[in-house]
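Novice:
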Amino acid sequence: MNARETILRRVREAIGEPAEAVTVPRDYLRTAPGVDPDDRGAILELFEQRLERYGAQVHRTTLAGVAATVDRELRNASARVVLTPPGLPDIWTALWADRSEHRVVTDDPPLTTRELDEVDAVVTTCAAAIAQSGTIVLDGDAGQGRRAPTLVPDCHVCVVHAEQVKTALPEVVPRLDPRRPTTWISGPSATVDIEMTRVQGVHGPRRLIVILVE
């Protein structure tokens with residue numbers, strides 16, 4: 001028995017037998033209003049609009065065009081050191097890495113804070129995306145990696161497949177593994193904590209580039 005199981009056993013013993021199951025009402029709206037959940041074109045258009053409203057960049061491409069798009073956007077961001085999490089297809093960064101001044105690093109074993117500070121950009125996939133709020137969700141699975149490498153670099157390039165984009169939050173939550181820690185990103189990091197002046201890059205990347213694969 002590990003520490004987690006021991007703690008949970010003690011909690012169960014402390015609270016006694018569980019109460020009768022409560023039926024949770026599920027009559028709320030499950031999809032974004034005004035958007036047909038079967039209309040992929042409308043869903044992707046809404047997703048793109050919301051992302052751009054928040055200051056993110058969106059580039060549509062095909063699966064075959066991902067590598068060229070990643071290469072172009074990393075060069076536009078003047079990235080010299082790029083992190084790729086375990087499970088990310090090597091081919092996606094192959095074009096960019098085929099230059100002597102460019103270097104790809106991995107997070108296996110995990111990089112230190114100092115090492116992460118030297119990384120210019122990170123390329124990841126995602127677990128899901130929400131059109132209504134322009135949100136991408138990461139859960140640490142293959143191609144996404146730990147939370148820290150997606151927050152420290154100045155630029156985050158995220159590859160999102162069209163079928164991962166749902167209209168609203170209630171469609172996404174049941175598809176996520178509740179045992180995984182999730183990171184929810186809606187546009188570049190920004191805050192107005194100081195004198196109500198909007199500043200980007202305080203709590204995460206200043207640039208969010210979403211590559212939407214159709």
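full-length UniProt numbering puts the sequence shown at residues 1 to 214. Ideal Cβ placement from N, Cα and C applies to all residues, glycine included.
For T150, does the count of other Cβ atoms within 10 angstroms reach 16, so buried, or fall short, so exposed?
Specialist: Position 150 of the sequence shown holds residue 150. T150 is buried by the Cβ-count criterion.
Novice: Near T128, which residues of its chain fall below 7 Å by C-beta distance, leaving aside the five closest residues on each side in sequence?
Specialist: Residue numbering aside, residue 128 sits at position 128 when the sequence shown is read from its first letter. Before going on, a small fix: residue 128 reads as Ala here, not Thr. The answer, listed in chain order, is V137, Q164, K166, V172, R175, L176.
Novice: Please classify G143: is it buried, with 16 or more other beta-carbons within 10 angstroms of its beta-carbon, or exposed?
Specialist: The count along the sequence shown starts at 1 and reaches residue 143 at position 143. When all chains shown are included, G143 counts as buried.
Novice: Which residues in the same chain as T135 place their Cβ atom closer than 7 Å to its Cβ, once the five residues preceding and following it in sequence are excluded?
Specialist: The count along the sequence shown starts at 1 and reaches residue 135 at position 135. Closer than 7 Å at Cβ, skipping near neighbours: A129, W184, I185, S186.
Novice: In angstroms, rounded to a whole number, what distance separates the CA positions of A94 and H102?
Specialist: Along the sequence shown, read from residue 1 onward, the residue named residue 94 stands at position 94. Along the sequence shown, read from residue 1 onward, the residue named residue 102 stands at position 102. Distance between the alpha carbons of A94 and H102: 11 Å.
Novice: If you drop the 5 nearest sequence neighbours on each side, which residues of the same chain put their C-beta closer than 8 Å to that of Q132?
Specialist: Within the sequence shown, numbered from 1, the residue matching residue 132 stands at position 132. Once the five neighbours on either side are set aside, the close Cβ partners of Q132 are A32, V35, L46, R50, T167, A168, L169.
Novice: Between which two residues does the beta strand (DSSP E) holding L138 run?
Specialist: Taking the first residue of the sequence shown as position 1, residue 138 is located at position 138. Here the beta strand (DSSP E) through L138 covers 135–138.
Novice: If you scan the stretch 76–115 from start to end, which runs of the beta strand (DSSP E) of 3 or more residues do you find wholly inside it?
Specialist: Counting only unbroken stretches of 3 or more residues, the beta strand (DSSP E) elements lying wholly within the stretch 76–115 are 81–84, 103–106, in sequence order.
Novice: In the DSSP assignment, find the unbroken alpha helix (DSSP H) run with V11 in it and report its ends.
Specialist: Here residue 11 is taken as the residue at index 11 of the sequence shown, counted from 1. It spans 3–15 - the alpha helix (DSSP H) in which V11 sits, taken as one unbroken run.
Novice: Can you give the Cα-Cα distance for A14 and E20, rounded to whole angstroms?
Specialist: Within the sequence shown, numbered from 1, the residue matching residue 14 stands at position 14. Within the sequence shown, numbered from 1, the residue matching residue 20 stands at position 20. In a straight line, the C-alpha of A14 is about 17 Å away from that of E20.
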